[in-house]
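Novice: Protein chains in written order, with my numbering: chain A, 1 to 136; chain B, 137 to 562; chain C, 563 to 1138.
1) May I ask which residues mark the beginning and end of the beta strand (DSSP E) holding residue 717(C)?
2) If we define contact as Cβ-Cβ less than 8 Å, is residue 469(B) a contact residue for chain C?
3) Within a Cβ cutoff of 6 Å, which residues of the same chain sit near residue 70(A), ignoring the five residues on either side of it in sequence?
4) Between the segment 260 to 292 of chain B and chain C, which residues of the former have a C-beta closer than 9 Å to a C-beta of the latter?
5) Using DSSP with H/G/I as helix, E/B as strand and the rest coil, what is residue 751(C)?
6) What do you get for residue 944(C), buried or exposed, if any count of 16 or more other CB atoms within 10 angstroms of its CB means buried?
7) Using the three-state DSSP reduction, which class does residue 852(C) fall into: helix, strand or coil?
8) With H, G and I counted as helix, E and B as strand and the rest as coil, what does DSSP make of residue 1042(C)?
9) So which residues of chain B does residue 877(C) contact, with C-beta pairs closer than 7 Å?
10) For the candidate residues 996(C), 568(C), 738(C), 813(C), whose alpha-carbon lies nearest to that of residue 605(C)?
11) Can you name the start and end residues of the alpha helix (DSSP H) that residue 194(B) belongs to?
12) Throw me the rounded Cβ distance for the residue 988(C) and residue 897(C) pair, which I believe falls under 8 Å.
13) Should residue 177(B) and residue 186(B) be called a contact, given that it needs their Cβ atoms to be closer than 8 Å?
14) Using three-state DSSP, classify residue 11(A) as helix, strand or coil.
15) Provide the residue(s) that pair with residue 462(B) in DSSP beta bridges, ordered along the chain.
16) Determine, using beta carbons only, whether residue 256(B) comes closer than 8 Å to chain C.
17) Can you name the residues that DSSP bridges to residue 614(C)?
18) What ranges does the alpha helix (DSSP H) occupy inside the segment 381 to 420 of chain B, keeping only unbroken runs of at least 4 residues that lie completely in it?
19) Take the Cβ of residue 880(C) as the centre, count every other Cβ of all protein chains shown within 10 Å, and call the residue buried at 16 or more, exposed below.
20) Under 7 Å between beta-carbons, which chain C residues line up against residue 390(B)? List them in chain order, please.
21) Tell me which residues share the same chain as residue 245(B) and place their Cβ nearer than 7 Å to its Cβ, disregarding the 5 neighbours each side in the sequence.
22) Taking the alpha-carbon of residue 1153(C) as reference, which of 924(C), 921(C), 892(C), 958(C) has the nearest alpha-carbon?
23) Given that a residue counts as buried once 16 or more other Cβ atoms are within 10 Å of its Cβ, and exposed if not, what is residue 1089(C)?
24) Quick one: list the residues of chain C neighbouring residue 387(B), beta-carbon separation under 9 Å, in chain order.
25) Enumerated in chain order, which unbroken segments of the alpha helix (DSSP H) with a length of 4 residues or greater are wholly contained in the segment 1002 to 1072 of chain C?
26) Please return the same chain residues whose Cβ sits closer than 6 Å to the Cβ of residue 1058(C), not counting the five positions on each side in sequence.
27) Are the CB atoms of residue 17(A) and residue 120(A) nearer to each other than 8 Å?
28) Residue 676(C) and residue 611(C) look like a contact to me (Cβ under 8 Å); what is the Cβ gap, rounded to whole Å?
29) Enumerate in chain order the residues of its own chain whose CB-to-CB distance from residue 442(B) is below 6 Å, with the five nearest sequence positions on each side excluded.
30) Under a Cβ-count criterion, where at least 16 other Cβ atoms within 10 Å of its own Cβ denotes burial, should residue 688(C) be classed as buried or exposed?
31) Give me the residue from 108(A), 82(A), 75(A), 55(A) with the minimum Cα distance to residue 115(A).
32) For the structure I just gave you, are there three or more beta carbon pairs, one from the segment 689 to 706 of chain C and one from the segment 667 to 681 of chain C, closer than 8 Å?
33) Nearest by alpha-carbon distance to residue 895(C): which of 990(C), 842(C), 833(C) is it?
34) Could you please give the first and the last residue of the uninterrupted alpha helix (DSSP H) stretch that includes residue 951(C)?
35) If I measure Cβ to Cβ from residue 1049(C) and keep anything under 6 Å in the same chain, skipping five residues before and after, which residues do I get?
36) Is the Cβ-Cβ distance between residue 743(C) and residue 886(C) less than 8 Å?
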């Protein structure tokens, strides 16, 4: 079973399906409160993040990034967990705000290079480890 | 503070900051002495109700209504971009109900010691962090400006982390708050026009499009010295197309007096070149094709300097804004005061322009209160057959929101469009 | 002189006579300095309202006045288009001129001049702190200004480039857009020359005001100081205060602060490879000398209190509003808080102005006490300066610059202290001297053990042994401050013994009759006290090392004395 070693960012364990965002998701006018990705030209445009595990390099765009995801969560459409190749302060704000399992700062392998949309993974926010359970 | 010696609010805020620090992997905190943040009605204020500032903002960020008392006393907190204008709300498209409640909210913030600046460019309004001073802000272009131009220290974060910091006076000692983390990683060579404010707006937009994740750019090249207007315009565009938080400019910014200083002893990870072709690509994205009628023209994103207001006053002299056009000039409260005392405002109003504060087209909104879920944004442009901006940030973001053609060009083209009622393709 | 094509065209008159003359003047100025080139100026601040010297040129209008005075001819005027001109601190303010003892005629004419200037594109902020008004020069940007503290601020804090000059040279530069490439406009000229080690207190804005004043007094001519020390990073307010004071007592134009200012990120960077010419130490003693110079001695009534030189920041206005809330300025006292008009707007919208006004203070713009004036529409002999001080009985300032300069403008005592002390003074109408913190604990040498608590009886001149204390324990020494009082169960406080060798025996006799003190202390032991101490056996302490109890303890104070450890403390004052 392939494992990716990162640093724990927010505790909790989650198992679920990956949505890969190789160029992150634009915070402002990138994700709707319904959970649907509306960013023009996004590879997963139209998909809903609810219950999925988001994998991205870090944040993108406006300082309102965390707030955009918070509103998604408040409408009941939060993702299940998330992984960031490298933490930045907007991701960390969002991690603490949404309080779902989170892992970041992968040293050996970049999850954005290894994972694909549809992969089933277990993400452990207590240890920082991602295990690939089933490839898409 | 963690024991509750300074009250519940500060205790909770500090606990959140510690969680935030742990999420980042930081081991220490640092004291924050400057902050900017919104204080009015926002889309998310619906979730906790809109009875009062203390109730709404408190429950959203701390899980409880705010107690009476001052935010951290050593921190100068000032309000950022809001959804309405401070005075002339009628031309901004929100209802009186919305405006009245928003003002109550703003006053609520003031009761905790918050200051009314109502601007995304607080550095133009006496909010002046010095080199090495730790700040927090909810405005990404302000992060870039204060980090780059003054060597002050701030990270992006979010409204949440900014409020936690404002209340407890601390932020994680991480990222840009540590000198060793601020060195440049990528070179950007300018081989494009770099003279006008509009040029620098495009430079920012183009650089952002090419910016690798987590990059800290340093600009090199042989160009005329940019001023405060050029850099604020550059940074707001850059923050739109990237997550950059610091941008060194050799020979201009204090941490880049030489290229060596900017790189801090490290090797550059890559070089990019910005050319006219990059400009053309940005313009292609930002500006609708062809000519067409416009009903709304907006200047001042980020908020205008008094010099930019003067430029508009001079250009509009003897001209009249077309009857079917609303022309907005956005600025902070202190700049509006100077514009009025200097008679620049009178000249602009004589021509038919409107000076407004606190907000900008993409932030203007209505709704989200009194049980109504609906929150309409960019209300100010409703009904216009076409809109024109001199800001890449507005043009870029509103593409996904608006159906009518969005035109983009320099301040003179925008003013010409306001006078003619029509955008002419060059 | 090496001139560009644009400059040559301007000199030939292509852009009008005013620009031609202004550039001629700048070229002459450059030649006088020994500069060979000019550089473009993109920001300027200069005064625009009525000034004493306008009387000599014209009072028709600002363009007529300024061109006649500075260029020698009355001409149509325009400023350089690439230069943001803003008006500096002036004589007039936005509100009622009577507030500063100025005539309505002067006020109206001054405002007409402001209007003329703004019609010419000069931004109206009327401030010595344009950096609080959105006038933001970047590192390396060439600027001119008529405000010395602004020269120091922009050079030091931002690495912008500016020399002191004068109203004349600033005006010429604003008109033609050029200034000589000389002095601080050249990077290589800006290196630090003298190191100042900061050893004094640097906690508050007031500390930095005093520091600037002291630094200026110590500053050698033409020095470019570098400050080093282990102090907390100073904020914008501390720096503006320091520089205003420094510019008062010296001609310094740039001040590096290691670890704080951009050209002094290290000491090496500040020195640019040069050896420092001299090193100084700024101690609390130097600070005390400045304080003594700036503040009138003693105490007295005050009817004018002024804050805000340089102009207050929004944060300082918030501090003042918080401190004044719920208080009232004494009737008959004027309290002025000076700031830039854009900052006043923010203060107004934040609710601070209302709080200050409710307390009886006023937020004013456009000037400061030493700039208030009247006249200059009349012959110069009629010109009055510092008009706001006319008729006052005493004034208090939180600015070293005001306190320093105004000494020569009024006979009334001028007091100087921090913002809080000044506001307290506005409320009480009286300046009090700072008493040091009261000493309530004393350390001596314990000579007879035992812990006792009781009321003090203080004998500043001891008790005469012979015919000073009666056998019934009553003090009978004629003229003794406690004459007629009994020593029974008191804790006696005295310097040492007095008089006859029979001193100890007087106390012994009273003791036998059943009258004795509870305990006693002697500032300094002598052999008669020691005899008495051993003879009576009551708790005793002597030889105090950290303060004389006779000076601090008052009769009736509740005292605790420990004859073992030698500790004495005041538990409660008689007056409480």
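We treat Cβ as the ideally placed atom computed from N, Cα and C, and that holds for glycine.
Computed from a predicted model, the values in this text were never measured in an experiment.
Specialist: The answer reads as follows:
1) For the purposes of this step, residue 717(C) is taken as the residue at position 155 of the third chain. Not the beta strand (DSSP E): residue 717(C) falls in the alpha helix (DSSP H), residues 710 to 720.
2) Along the second chain, one-based indexing puts residue 469(B) at 333. Residue 469(B) counts as touching chain C.
3) Locating residue 70(A) in the first chain gives position 70, where the first residue counts as 1. 97.
4) 260, 261, 262, 263, 264, 265, 266, 267, 268, 269, 285, 286, 287
5) Position 189 of the third chain holds residue 751(C). Here residue 751(C) sits in helix by DSSP.
6) Numbered from 1 along the third chain, position 382 holds the residue referred to as residue 944(C). Classification for residue 944(C): exposed.
7) Working through the third chain from its first residue, we reach residue 852(C) at position 290. In this structure, residue 852(C) counts as helix in the three-state DSSP scheme.
8) For the purposes of this step, residue 1042(C) is taken as residue 480 along the third chain, with counting starting at 1. Reduced to three states, the DSSP call for residue 1042(C) is coil.
9) As a working mapping, residue 877(C) is identified with position 315 in the third chain. In chain order: 212.
10) For the purposes of this step, residue 605(C) is taken as residue 43 along the third chain, with counting starting at 1. Considering only alpha carbons, the answer is 738(C).
11) On the second chain, position 58 is the one that residue 194(B) refers to. Segment 189 to 197, the alpha helix (DSSP H) holding residue 194(B).
12) For this step, residue 988(C) is matched to residue 426 along the third chain. For this step, residue 897(C) is matched to residue 335 along the third chain. That belief holds up - the Cβ atoms of residue 988(C) and residue 897(C) are roughly 4 Å apart, short of 8 Å.
13) By one-based count along the second chain, residue 177(B) stands at place 41. By one-based count along the second chain, residue 186(B) stands at place 50. Going by C-beta atoms, residue 177(B) is nearer than 8 Å to residue 186(B).
14) Here residue 11(A) corresponds to residue number 11 of the first chain, with the count starting at 1. In the structure shown, residue 11(A) sits in coil (DSSP, three-state: anything other than H, G, I, E or B).
15) For the purposes of this step, residue 462(B) is taken as residue 326 along the second chain, with counting starting at 1. In the DSSP output, where bridge partners are listed per residue, residue 462(B) has 432(B).
16) On the second chain, position 120 is the one that residue 256(B) refers to. Residue 256(B) does not count as touching chain C.
17) Start at 1 with the first residue of the third chain, and residue 614(C) comes out as number 52. The partner list for residue 614(C) (beta bridge, DSSP) is empty, contrary to what the question assumes.
18) 395 to 399
19) The residue you call residue 880(C) lines up with position 318 of the third chain. Classification of residue 880(C): buried, given that the 10 Å Cβ count is 16 or more.
20) Here residue 390(B) is taken as the residue at index 254 of the second chain, counted from 1. Under the 7 Å cutoff, chain C gives 701, 721, 824.
21) Taking the first residue of the second chain as 1, we reach residue 245(B) at position 109. Excluding positions up to five away in sequence, the list reads 175, 189, 215.
22) Here chain C has residues from 563 to 1138 only, and residue 1153(C) is not among them.
23) Within the third chain, residue 1089(C) is the residue found at index 527, counting from 1. So residue 1089(C) ends up on the exposed side.
24) Here residue 387(B) refers to the residue found at position 251 of the second chain. Those are 701, 702, listed as they occur along chain C.
25) none
26) The residue you call residue 1058(C) lines up with position 496 of the third chain. Result list for residue 1058(C): 1084, 1086, 1088, 1091, in chain order.
27) Here residue 17(A) refers to the residue found at position 17 of the first chain. Here residue 120(A) refers to the residue found at position 120 of the first chain. In contact: residue 17(A) and residue 120(A) (Cβ atoms closer than 8 Å).
28) As a first step, residue 676(C) must be located in the third chain, where it is residue number 114. As a first step, residue 611(C) must be located in the third chain, where it is residue number 49. Confirmed, Cβ separation roughly 6 Å.
29) Translated into positions along the second chain, residue 442(B) becomes position 306. Answer for residue 442(B): 471, 474, listed in chain order.
30) If you number the third chain from 1, residue 688(C) lands on position 126. Burial call: buried.
31) Residue numbering aside, residue 115(A) sits at position 115 when the first chain is read from its first letter. Per the Cα distances, 55(A).
32) no
33) As a first step, residue 895(C) is located in the third chain; it is residue number 333 there, counting from the start. The candidate whose alpha carbon is nearest that of residue 895(C) is 990(C).
34) The residue given as residue 951(C) occupies position 389 in the third chain. Run containing residue 951(C): none; DSSP gives neither H nor E here.
35) Stepping through the third chain from its first residue, residue 1049(C) is reached at position 487. So the qualifying residues of the chain are 1035, 1079.
36) In the third chain, counting from the first residue as 1, residue 743(C) sits at position 181. In the third chain, counting from the first residue as 1, residue 886(C) sits at position 324. No. Outside cutoff.
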